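J.: To start, I am sharing the structure in question, which I have written as structure tokens.
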Amino acid sequence: MSENIKKIAVLTSGGDSPGMNAAIRAVVRTCAYHNIECIGVYRGYEGLIDGDFESLDARSVKGIINKGGTFLKSARSKTFRTKEGRQKAYENLLNENVNGLVVIGGDGSFTGALVFNNEFGFPVMGIPGTIDNDIVGTSHTLGFDTALNTVVDAIDKIRDTASSHNRLFFVEVMGRDVGHIALNAGIAGGAEEILIPEEDLGLERLVDSLNKSKTTGKTSSIVIVAEGDKIGKNIFELKDYVDENMEGYDVRVSVLGHMQRGGAPSCFDRVLASRMGVKAVESILDGETNYMVGLINGKMELTPLDQAIKGKTKINLELLRVSDIMST
């Protein structure tokens, strides 16, 4: 353990995700365990520039492991994208005698941390917090598991009304660039079709598939659509197309939106956040910097920030095949 690290700062940046509070708690308590001071930075990089700091100890983070969102708040900072803004943030950290920074967020947050380290040589460590699960270097990002449970619960409820009225529901879930939420939740929720950015099903094939389901005796259907799906411009365009080309279905749309980011984190996310927080702090104490902690083959591993940022996660092809079989 390095004797040069005496105080570590932690912040949350970008979109919130369930498990962020649990990760903050883990960082703070790991610092306390190693007799290191910890300060919380409010409002992400914006708070870093404004010097919006608060000293945190083990008791400061009691009762938050089960809370969604982030009590440190989150914000996107245009000022931090400037050299002047980063210089001010660096000076604020020096004035507080901070020796290391833990950033909880997604690829945009990690990009800021990487630039900050390159300019000032300041030790940084990333914890991946995003429900999209789109960060290379970890099988699960914080909040992904909780978001899946939220979506599946919503699908179960929507299916009740779909079955009661012989309706076809298009359900839009988050996933602008990746379909991890849609694919996993779609299989778990028994969806007839799953539309994701990685696979272009095509409008005609979609209608053919729905007609086939109807001929096999299905009186209601649910189609899960990732928001970044490329078949139609948006989910309402999909609805209009199916309305015009299929008979016998009352077609409805449900956009789940930001409810997927909220709620108490699952057991999995709480444990994952705790493991990541411990690994992040102890890695800084071991002299590591410019890394992201992640879960790989069940173990906490480090991935260089530039690889985590530039990499692109791949969809699980086995799950695609399972989805096709289950929709029979």
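Read in the numbering used here, the sequence shown has 328 at position 302, and its numbers run on one by one without any break.
Backbone N, C-alpha and C fix where the C-beta goes; we use that ideal spot for every residue, glycine too.
All figures in this text were calculated on a predicted structure; none of them were measured in a lab.
1) Beta-carbon separation of T56 and A306 under 9 angstroms?
2) On a Cα-Cα basis, can you pick out the residue from S246, G73, T156 that is closest to G131?
3) Can you list, in chain order, the residues of its chain whose CB lies under 6 angstroms from that of A217, leaving out five sequence neighbours each side?
4) From the beta carbon of I257, is the nearest beta carbon of chain D less than 9 angstroms away?
5) Taking Cβ to Cβ, would you say F262 is nearer than 9 angstroms to I207?
6) In chain order, what residues of the same chain lie with their CB nearer than 6 angstroms to the CB of S292, ignoring the 5 residues before and after it?
7) Is the region 148-164 touching the region 61-68 in the sense that three or more CB pairs, one from each, lie closer than 8 angstroms?
8) According to DSSP, simplified to helix, strand and coil, what is F195?
9) Going by the CB atoms, is the gap between D160 and T339 shorter than 9 angstroms?
10) Rounded to the nearest angstrom, what separates R231 and Y116 at their Cα positions?
11) CB-CB under 6 angstroms to V178, same chain, minus the five flanking residues each way: which ones, in chain order?
12) Tell me, which residues are paired with P154 by DSSP?
13) Exposed or buried, which one is Q286 when buried takes at least 16 other CB atoms within 10 Å?
14) For K33, name the three-state secondary structure that DSSP assigns.
15) With a threshold of 16 other CB atoms inside 10 Å of the CB of G303, please say whether the residue is buried or exposed.
16) Given this structure, state the Cα-to-Cα distance separating L321 from L282, to the nearest angstrom.
17) Taking C-alpha atoms, which residue in V36, G201, M352, G70 lies nearest to V355?
18) So within the region 218-297, which uninterrupted alpha helix (DSSP H) runs reach at least 4 residues, ignoring any that extend past its ends?
19) For F148, which of helix, strand or coil comes out of DSSP?
20) With 16 as the cutoff for other CB atoms within 10 Å, does N30 come out buried or exposed?
21) Inspect the beta-carbon positions of I341 and E224 and report whether they are closer than 9 angstroms.
22) With 16 other CB atoms within 10 Å as the buried threshold, where does D355 fall?
23) Can you find the residues in the same chain that come closer than 8 angstroms, C-beta to C-beta, to D83, ignoring five residues on each side of it along the sequence?
24) From which residue to which residue does the beta strand (DSSP E) around T329 run?
25) In this structure, does DSSP put I75 in helix, strand or coil?
26) Hey, quick one: how far does the alpha helix (DSSP H) through E344 stretch, first residue to last?
T.: Straight from the coordinates:
1) yes
2) T156
3) The answer, listed in chain order, is I248, I250.
4) In summary, chain D is missing from the structure at hand, where a single protein chain is found.
5) no
6) Non-local C-beta neighbours of S292 in its own chain, meaning closer than 6 angstroms and more than five positions away in sequence, comprise D171, T172, N175, ordered along the chain.
7) no
8) strand
9) yes
10) 54 angstroms
11) Short of 6 angstroms from the beta carbon of V178, and not among the five residues preceding or following it, lie these beta carbons of its own chain, in chain order: A211, A214, G215.
12) G131
13) By the beta-carbon neighbour count (other beta carbons within 10 angstroms, threshold 16), Q286 is buried.
14) Three-state result, K33: strand.
15) buried
16) Taking the straight line joining both Cα atoms gives about 28 angstroms.
17) Nothing in the structure corresponds to residue 355, since the chain is present only between 27 and 354.
18) Taking only runs of at least 4 residues, the alpha helix (DSSP H) segments lying wholly in the region 218-297 are 229-241, 261-271.
19) coil
20) With fewer than 16 other Cβ atoms within 10 Å, it is exposed.
21) yes
22) As shown, the chain starts at 27 and ends at 354. That puts residue 355 outside it, with no answer to give.
23) V54, A58, C64
24) 325-330
25) Helix at I75.
26) Segment 343-352, the alpha helix (DSSP H) holding E344.
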